[in-house]
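Below is one structure, written out as structure tokens, with a few remarks after it.
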Amino acid sequence: MASTHDRKEVLDIIEKQADRSGIPRDDFMRFAYIETGGNFNPDANNTKSGAKGLFQFVPTTAKEFGLTGHEFDPVANTRAAADLYERNRDQIVDRSAETGRPFLSGSAQPNGMDMYLAHQQGGGGYASIQSAIDTGKFSRKDTHDNIVNNISSRDFERVTGKPYESISGMDDRELATSFSQYWQAKYAAIEIADRGITASAPLPAAQGRPSALADGVLERGERGNDVRSLQESLNQLGVRDGQGNTLETNSGIYGKNTQDAVRNFQQTHSLEQTGRADEQTREAIKAQLALPQNERNATERPAAQPQAEAKPQARAEGGATWPAPGNDQINAKDKPGEGRGEFGTSRNGGRTHGGVDIQGDVGDPIVAFGGGRVTVKPNNGAAGNTVHITHDDGSLTKYFHLNDISVRNGQRIEAGDQLGTMGRSGNTPSHGDTHLHFELWRNGRKIDPMSELRGADRGAGDHPAKAGEHVAKPAGEQTLRDGSRGTAVSELQEQLGRLGYKDAQGQPLARDGIYGDATRHAVEDLQRAQGLKVDGVFGPQSRAALKSHAPEQAAETQDKQAAAGKESGGFLDRMFSAARNGDGESVQKAITDFTSTLSQPWAKHQVQEQAQTQTQPQQAQPQAPDAARNSGDLQR
211 MASTHDRKEV
221 LDIIEKQADR
231 SGIPRDDFMR
241 FAYIETGGNF
251 NPDANNTKSG
261 AKGLFQFVPT
271 TAKEFGLTGH
281 EFDPVANTRA
291 AADLYERNRD
301 QIVDRSAETG
311 RPFLSGSAQP
321 NGMDMYLAHQ
331 QGGGGYASIQ
341 SAIDTGKFSR
351 KDTHDNIVNN
361 ISSRDFERVT
371 GKPYESISGM
381 DDRELATSFS
391 QYWQAKYAAI
401 EIADRGITAS
411 APLPAAQGRP
421 SALADGVLER
431 GERGNDVRSL
441 QESLNQLGVR
451 DGQGNTLETN
461 SGIYGKNTQD
471 AVRNFQQTHS
481 LEQTGRADEQ
491 TREAIKAQLA
501 LPQNERNATE
511 RPAAQPQAEA
521 KPQARAEGGA
531 TWPAPGNDQI
541 NAKDKPGEGR
551 GEFGTSRNGG
561 RTHGGVDIQG
571 DVGDPIVAFG
581 GGRVTVKPNN
591 GAAGNTVHIT
601 HDDGSLTKYF
611 HLNDISVRNG
621 QRIEAGDQLG
631 TMGRSGNTPS
641 HGDTHLHFEL
651 WRNGRKIDPM
661 SELRGADRGA
671 GDHPAKAGEH
681 VAKPAGEQTL
691 RDGSRGTAVS
701 ELQEQLGRLG
711 YKDAQGQPLA
721 RDGIYGDATR
731 HAVEDLQRAQ
741 GLKVDGVFGP
751 QSRAALKSHA
761 PEQAAETQDK
771 QAAAGKESGG
781 FLDRMFSAAR
791 NGDGESVQKA
801 ITDFTSTLSQ
811 PWAKHQVQEQ
821 AQTQTQPQQA
831 QPQAPDAARN
841 SGDLQR
């Protein structure tokens with residue numbers, strides 16, 4: 211049955227849904243424009259692909275979004291398209307944060323063209339195109355055909371300057387790049403006059419375009435052989451983009467990656483960091499190319515400053531520094547369907563984890579894995595506040611979800627210098643653990659950071675370092691919580707035991723090195739006694755309270771434990787003696803002294819044990835370690 215909705219009604223439906231879902235109105239309108247060939251026909255039906263309706267849902271996607279049987283209802287179709295938009299956005303933002311690959315538009319955040327290609331190709335198809343541009347290969351087998359099916363022979367050459375017939379001879383990278391270029395131009399040329407939507411850039415004319423260097427400057431948005439020559443020169447000099455990768459040169463497009471690489475070159479050579487290749491920048495590039503290779507990119511470095519007392523480094527045998535000193539636990543899964551925080555574990559959508567997630571607390575120090583140049587990326591989408599370091603050996607490290615950043619763009623840092631603090635920025639789930647997502651890249655590929663971090667001291671120093679200072683905290687300074695294991699836990703259990711803190715059953719703590727229910731209960735008692743937040747987590751405040759509490763309390767505990775037997779055993783004698791003498795003040799003092807001992811944790815258990823001794827034969831009380839008292843890890 212043909213739709214009864216006219217064009218105005220259909221556009222109103224799209225506009226209202228965009229407003230309701232927080233989707234940019236113009237972009238949502240453009241999606242439907244493309245999908246229906248510009249006529250906004252709710253009855254659009256592609257018999258070849260089976261795609262139906264205003265936003266052309268194929269049968270599998272229609273079923274997934276509950277649209278089957280209602281594809282030609284513009285309200286239902288538009289609502290499903292809005293739900294699909296939100297899912298696609300989450301997918302491409304999360305994947306770009308994981309892989310470090312830029313969005314196809316070159317924008318810092320996905321724009322309308324990115325979201326349309328995700329709608330057209332699906333989130334996985336979009337990622338496959340990113341993969342081809344980055345690695346030279348599609349990550350999905352169906353991407354090649356899906357791309358070709360969405361290119362028109364009528365305008366491909368006019369838009370890209372390449373014959374349509376050349377597509378058959380393109381490798382994956384060239385096809386992906388040409389496809390992105392093609393749709394970027396087509397998307398920008400869309401006009402919907404009755405809704406005030408104008409083209410941001412008309413489609414290029416068939417005739418050749420003027421040289422990008424006509425005005426003496428190469429800059430973002432330009433393309434051609436001059437841009438390609440610039441990119442090749444930067445690659446030859448070893449200059450990398452913001453992700454630490456070489457520049458793609460097939461397309462000859464001056465995008466964000468080229469802009470970042472030019473800015474990096476300018477920074478290294480003390481030029482104004484505009485990201486535009488003006489004459490001064492191009493002359494500096496030529497001068498570098500004329501030098502012997504071992505003299506290129508040399509910059510004048512400040513004279514070495516005498517250092518104060520040498521500080522030990524949390525470094526592995528290969529020279530790597532543990533990036534989260536004082537925190538050595540890999541976090542548990544954050545979201546349903548996801549694996550733990552180790553490298554290579556499973557993620558939603560068939561992805562694998564591209565780094566390691568090191569668990570800690572907001573405000574814990576984050577330090578540099580090695581020496582190099584800093585790139586700061588605040589509010590970097592799903593990655594949150596992010597720092598990248600391009601290291602002296604050409605490797606790249608990335609630090610995600612930071613709370614504060616204490617370094618600046620272009621700063622030279624050394625291994626162990628503080629970069630900022632651990633946080634929850636970006637896509638850290640509200641119910642997930644606070645953690646650092648740390649990545650290590652070599653030769654343009656992510657590798658398991660633990661391959662170079664094994665053997666690194668994971669401790670932390672007494673004070674958070676400032677940028678430029680080194681960090682070296684002992685392992686005993688780390689935050690301990692349920693599931694923690696090791697020497698630091700054993701030492702904590704011993705300290706708590708000396709102070710008389712016991713488990714919930716009144717049993718002494720065993721030094722088993724396992725932070726389970728028993729240890730947590732004792733820590734909660736300590737926190738309660740010291741007026742701290744009672745959460746069972748042994749962090750900086752609890753540690754400070756324990757340190758200040760320990761010396762005096764230990765001595766006091768020994769004295770009172772020694773006196774407890776006398777006080778509890780001689781209490782009645784003192785009472786009767788005072789009563790016989792008619793000494794009311796002494797009676798009151800005896801009562802007060804005795805009851806005051808009951809306010810101490812150790813005294814309560816002392817009296818209980820003495821009472822048990824008087825009513826039953828003495829039995830040995832074995833220490834019950836956390837491992838024995840808890841039936842499984844789920845209870846710890």
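Last residue of the sequence shown: 846 in the numbering used here, with the numbers rising by one and none dropped. By construction, the Cβ of each residue, glycine as well, lies at the ideal position given by its N, Cα and C atoms. Note that this is a predicted model, so its numbers are computed, not measured.
Cβ neighbour criterion (16 or more within 10 Å) applied to residue i
{"i": "E493", "result": "exposed"}
{"i": "D304", "result": "buried"}
{"i": "Q227", "result": "buried"}
{"i": "K258", "result": "exposed"}
{"i": "R738", "result": "exposed"}
{"i": "V577", "result": "buried"}
{"i": "N359", "result": "exposed"}
{"i": "T638", "result": "buried"}
{"i": "K521", "result": "Note that K521 scores a pLDDT of 35, beneath 50, so its modelled location is shaky; the value from the coordinates is reported in the next line. K521 should be labelled exposed."}
{"i": "V437", "result": "buried"}
{"i": "N653", "result": "exposed"}
{"i": "V572", "result": "exposed"}
{"i": "N467", "result": "buried"}
{"i": "L440", "result": "buried"}
{"i": "A813", "result": "Annotation note: pLDDT 47 at A813 (below 50); position unreliable, coordinate value reported separately. Buried, because 16 or more other Cβ atoms sit within 10 Å of the Cβ of A813."}
{"i": "G418", "result": "Below a pLDDT of 50, predicted positions are generally treated as unreliable, and G418, at 48, falls in that range; the measurement from the model is reported next regardless. Label assigned to G418: exposed."}
{"i": "T387", "result": "buried"}
{"i": "R364", "result": "exposed"}
Contact belief for residue i with residue j at Cβ below 8 Å, rounded distance in angstroms
{"i": "Y397", "j": "G334", "result": "In fact, because the Cβ distance is near 21 Å, the residues do not count as touching under 8 Å."}
{"i": "G630", "j": "N613", "result": "7 Å"}
{"i": "L736", "j": "L706", "result": "7 Å"}
{"i": "L481", "j": "Q490", "result": "6 Å"}
{"i": "N619", "j": "Q569", "result": "Not confirmed; about 28 Å, so no contact."}
{"i": "S376", "j": "I339", "result": "Not confirmed; about 18 Å, so no contact."}
{"i": "A584", "j": "I540", "result": "Correcting the residue identity first, residue 584 is Val in this sequence and not Ala. Rounded, the Cβ-Cβ distance is 25 Å, inconsistent with contact."}
{"i": "A337", "j": "I302", "result": "7 Å"}
{"i": "W532", "j": "L742", "result": "At roughly 28 Å, the Cβ-Cβ gap does not stay under 8 Å, so W532 and L742 are not in contact."}
Option nearest residue i by Cα separation, candidates the options
{"i": "T729", "options": "I223, A714 and M380", "result": "A714"}
{"i": "Q394", "options": "D627, F313, W532 and R708", "result": "F313"}
{"i": "F553", "options": "G710, L650 and K712", "result": "L650"}
{"i": "A254", "options": "E281, T309 and P320", "result": "E281"}
{"i": "P535", "options": "T478, A625 and L385", "result": "A625"}
{"i": "R473", "options": "G454, G462 and N460", "result": "G454"}
{"i": "R217", "options": "V584, G741, R721 and A403", "result": "A403"}
{"i": "L709", "options": "Y725, Q628, V733 and A698", "result": "V733"}
{"i": "R383", "options": "Y374, K347, L294 and E401", "result": "K347"}
{"i": "E225", "options": "A292, P412 and K273", "result": "A292"}
{"i": "Q498", "options": "G465, S443 and H645", "result": "S443"}
{"i": "Y464", "options": "G448, L423, E219 and A698", "result": "L423"}
{"i": "E245", "options": "D355, R297 and N256", "result": "N256"}
{"i": "Q477", "options": "G462, R450, T456 and P234", "result": "R450"}
Paired residues, beta bridge with residue i - DSSP
{"i": "N255", "result": "K262"}
{"i": "I463", "result": "R433"}
{"i": "W651", "result": "L606 and K656"}
{"i": "T478", "result": "The partner list for T478 (beta bridge, DSSP) is empty, contrary to what the question assumes."}
{"i": "P719", "result": "Note that residue 719 is Leu in the sequence shown, not Pro. DSSP, once it has assigned bridges, lists no residue as partnering L719."}
{"i": "F579", "result": "Answer is none; F579 lacks a bridge partner."}
{"i": "H601", "result": "G582"}
{"i": "F178", "result": "Limits of the chain in this structure are 211 at one end and 846 at the other, which puts residue 178 out of reach."}
{"i": "S556", "result": "T562"}
{"i": "D567", "result": "H647"}
{"i": "K351", "result": "According to DSSP, which records beta bridges pairwise, K351 is partnered with nothing at all."}
{"i": "L690", "result": "F748"}
{"i": "I302", "result": "Answer by DSSP bridge pairing: none, since I302 is not bridged."}
{"i": "G630", "result": "I576 and I615"}
{"i": "T596", "result": "K587"}
{"i": "F851", "result": "The requested residue 851 does not occur in the structure, where the chain is confined to residues 211 to 846."}
{"i": "A487", "result": "L428"}
Residue-chain proximity (residue i, chain D), Cβ-Cβ < 7 Å
{"i": "P502", "result": "Judged by its chain identifiers, the structure shown contains no chain D, having just a single protein chain."}
Give a yes or no on contact between the stretch 276-287 and the stretch 255-265, applying the rule of three or more CB pairs nearer than 8 Å. yes
Using 8 Å as the Cβ pair cut-off and three pairs as the minimum, do the stretch 361-371 and the stretch 315-331 touch? no
Taking contact to mean at least 3 C-beta pairs separated by less than 8 Å, is the stretch 403-410 in contact with the stretch 229-248? yes
Are at least three pairs of beta-carbons, each pair with one atom in the stretch 348-363 and one in the stretch 242-257, less than 8 Å apart? no
Is there contact between the stretch 648-662 and the stretch 581-596, where contact requires at least three CB pairs shorter than 8 Å? no
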